[in-house]
Amino acid sequence: MPKQKTKEKKPKRKAAATAEASDKKLKTYALLRGMHDVLPREEKHWKNLYHTAENLAEHFQFSRIETPLLEEANLFIRSIGKGTDVVDKEMYVFEDRDGNKVALRPEATASAVRAYIMHGMWNMSQPIKLWYWGSMFRYDRPQAGRYRQFNQVGYETIGDADPVADAELILVAHNFYKDLGLPVEIHINSIGTPEERQRYKVALVDYYRSKRSYLCDDCKQRLNKNPLRLLDCKQERCQPVKEDAPQIIDWLEEESKNHFMKVLEYLDELAVPYVLKSTLVRGLDYYTRTVFEVYPAVTDAGAPTSVGGQQSALGGGGRYDLLVEEMGGRPAPAAGFSLGIERSVSALKQYMDANKIKPPVQKFDAYLAQLGDHARRRALKAINELRSSGLKIDYNFSKNSLKSQLEAANSLQVPYALILGQKEVQDGTIIIRDMESGVQEIVDQKKVENLLKKKLSRFDDDKK
RNA sequence: GUGAUAGUAGUGUAACAGUCAGCACGCUGGUUUGUGGUACCAGCAGUAGGGGUUCAAAUCCUCUCUAUCACACCA
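Per the working numbering, the first sequence starts with residue 1489, numbered consecutively.
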């Protein structure tokens, strides 16, 4: 009849709690909309992505740049473009205490370009290749894989007009997911120069005007506001109209067309698969010619495509030959891309779950269990000594019984436990326990390091 | 920004408006004092927040917050 106990206890506790609550009600805090914590259990994925990004940067000679989260608002307004949703609706803009109009960066390309200009990087050997990793802010309505503060990794090549630069960037994006083991699809298109695009827009609008009565309401709006977006309409009724719409590629001049062909040739040569998407346009104004986006691949098994809807891009980028000049720098062609970290992590996790791939866990070499005050005092020192010799020791000083410490060692799948009690401290010894067999030996404290290393290397050999 | 659905311990879930909101994982401790995996016992911890309807609310209404989905947009 253990229930009787709780019978008496519970009401008492509750009464006390409410009485206390009325006095000093502790406020707990929730997250602001669209904000999120990256918890320790996600860490292994984040670390994985970061190392992959850093490794690629090293191999392809991109140098790390870190720019402020906060910049003059005009920087983004000028680069991304007034009229884009990113600037008009989604940017965190406010006045600082001096009355300056500042903004939390919604993306980092503008900042990279600003730094290029400000620090006179055109005086250095071109191209300048930069990469970054950090938080971006967009005041958007959140959904899965879409946050108001999110992280991007990006690569920018400034000062190279050659199609090889475009191809190199796409290769880096491709390698990023290849190294992670996540199958992706790269969509690519060319949106030409502003002049070419303008002429195309006219043709597109003309065409759509003639089909106006078949269009959905959104598209009727787009016709005036943002004609290029007509091409991404998902409404069924617009699909037939879309299919016969003029394609931008037919409106490119020789030079742009050649550029695009060369990019594709490079990709073929590199065996980077891509999908030509004549309907791909990007949301930011500064792009010229090559544009591309990365999507999780649609596979038969698992189909890990639904991070925030069925088609959410992991990242994208393209060429922006005019941006440097527009921002007051000496004209320099450039290209770049960025990838969403949260979206990539989420897609990767889905893919791993669907395919039963387990992420590698960080393993400790041994667990040090201590018993009693003297032992504890000695234990931290021992851990520190072992650490400097390269051994990773797990421990938990808030557990006192040997039982609970071995329990912890067991659940962490540590191969060896080191036991340090009163007796061992006195004798200058320590017990090494093989967690698999349960065999223990008492050794001199000075010899643990070498012995443990020897045992661990045998452990590795056994595995092979 | 528009429309819709949802919110129960840390996690996953159960409860016709009606006993004390149940279960599992988890975490803490214990089953003789210094030995893990299994088992058993005990403990910890919850109705997102505010208002209302009712004798009675996790359950009905309402506002707020948050998440998710679709659209719009994007990473």
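In this text, a Cβ means the ideal position worked out from N, Cα and C, and glycines have one as well.
For residue i, the residue or residues it bridges with in DSSP
i	result
Tyr-1638	Before going further, note that residue 1638 is Phe rather than Tyr in the sequence given. Beta-bridge pairing links Phe-1638 to Met-1624.
Asn-1677	Val-1779
Leu-1618	Ser-1551, Glu-1644
Ile-1930	Ile-1919
Gln-1631	Arg-1634
Val-1672	Pro-1784
Ser-1826	Gly-1642, Gly-1804
Terminal residues of the alpha helix (DSSP H) in which residue i lies
i	result
Val-1590	Here Val-1590 belongs to no alpha helix (DSSP H); instead the beta strand (DSSP E) covers 1589-1592.
Tyr-1839	1829-1842
Val-1849	That residue, Val-1849, is in no alpha helix (DSSP H); it is neither H nor E in DSSP.
Asn-1611	Run containing Asn-1611: none; DSSP gives neither H nor E here.
Asp-1705	1705-1713
Tyr-1696	1682-1698
Lys-1730	1727-1731
Asp-1573	1573-1576
Own chain partners of residue i with C-beta closer than 6 Å, once the 5 adjacent residues on each side are dropped
i	result
Glu-1530	none
Val-1985	As displayed, the chain neither begins before 1489 nor continues past 1952, which places residue 1985 out of reach and without an answer.
Asn-1639	Ser-1623, Ile-1829
Ala-1661	Val-1782, Phe-1825
Gly-1522	Pro-1630, Tyr-1635, Arg-1636
Cys-1704	Gln-1723, Arg-1725, Cys-1726
Val-1574	Ile-1568, Pro-1594
Val-1936	Ile-1918
Gln-1858	Arg-1864, Ala-1867, Leu-1908
Phe-1548	Val-1660
Whether residue i touches residue j by CB criterion (8 Å)
i	j	result
Leu-1802	Leu-1827	yes
Leu-1836	Leu-1939	no
Ala-1897	Ile-1646	no
Gln-1910	Gly-1878	no
Gly-1680	Trp-1739	yes
Glu-1559	Arg-1593	yes
Leu-1772	Gly-1569	yes
Ile-1676	Leu-1764	yes
Gly-1633	Arg-1831	yes
Val-1729	Lys-1699	yes
Val-1927	His-1862	no
Ile-1605	Met-1923	no
Tyr-1688	Phe-1550	no
Nonlocal neighbours in the same chain, by C-beta distance under 7 Å from residue i, ignoring five residues either side
i	result
Ala-1603	Ile-1553, Thr-1555
Leu-1659	Leu-1758, Val-1760
Ile-1737	Ser-1678, Ser-1766
Asn-1884	Gln-1893, Ala-1896
Val-1931	Thr-1917, Ile-1918, Ile-1920, Leu-1939
Ala-1820	Trp-1610, Ile-1646, Gly-1647, Val-1812
Phe-1664	Thr-1540, Ala-1541, Leu-1544, Leu-1827
Leu-1856	Ala-1867, Ala-1870, Ile-1871, Ile-1881, Tyr-1883, Leu-1906, Leu-1908
Ile-1565	Val-1575
Own chain, CB closer than 8 Å to residue i, minus 5 neighbours either side, in chain order
i	result
Val-1833	Glu-1530, His-1533, Trp-1534, Leu-1537
Ala-1789	Its pLDDT being 43, under 50, Ala-1789 is placed unreliably in this model, and the value from its coordinates should be taken loosely. Cβ within range, chain order: Ala-1842, Asn-1843.
Gln-1686	none
Phe-1852	Lys-1880, Ile-1881, Asp-1882, Leu-1900, Val-1902
Tyr-1696	Leu-1703, Cys-1707, Leu-1711, Pro-1715, Leu-1718, Val-1729, Ala-1733
Lys-1846	Met-1840
Endpoints, the beta strand (DSSP E) within which residue i is located
i	result
Glu-1583	1581-1583
- Query: Taking the runs of the beta strand (DSSP E) that are 3 residues or longer, which of them lie wholly in the segment 1742-1824?
  - Reply: Runs found: 1776-1784, 1803-1807.
- Secondary structure, alpha helix (DSSP H): runs of 4+ residues fully inside the segment 1517-1564: Qualifying alpha helix (DSSP H) stretches, in chain order: 1528-1547.
- Query: Which ranges does the alpha helix (DSSP H) cover as unbroken runs of at least 4 residues, wholly within the segment 1856-1925, from first to last along the chain?
  - Reply: Complete alpha helix (DSSP H) runs here, min 4: 1860-1876, 1890-1899, 1910-1915.
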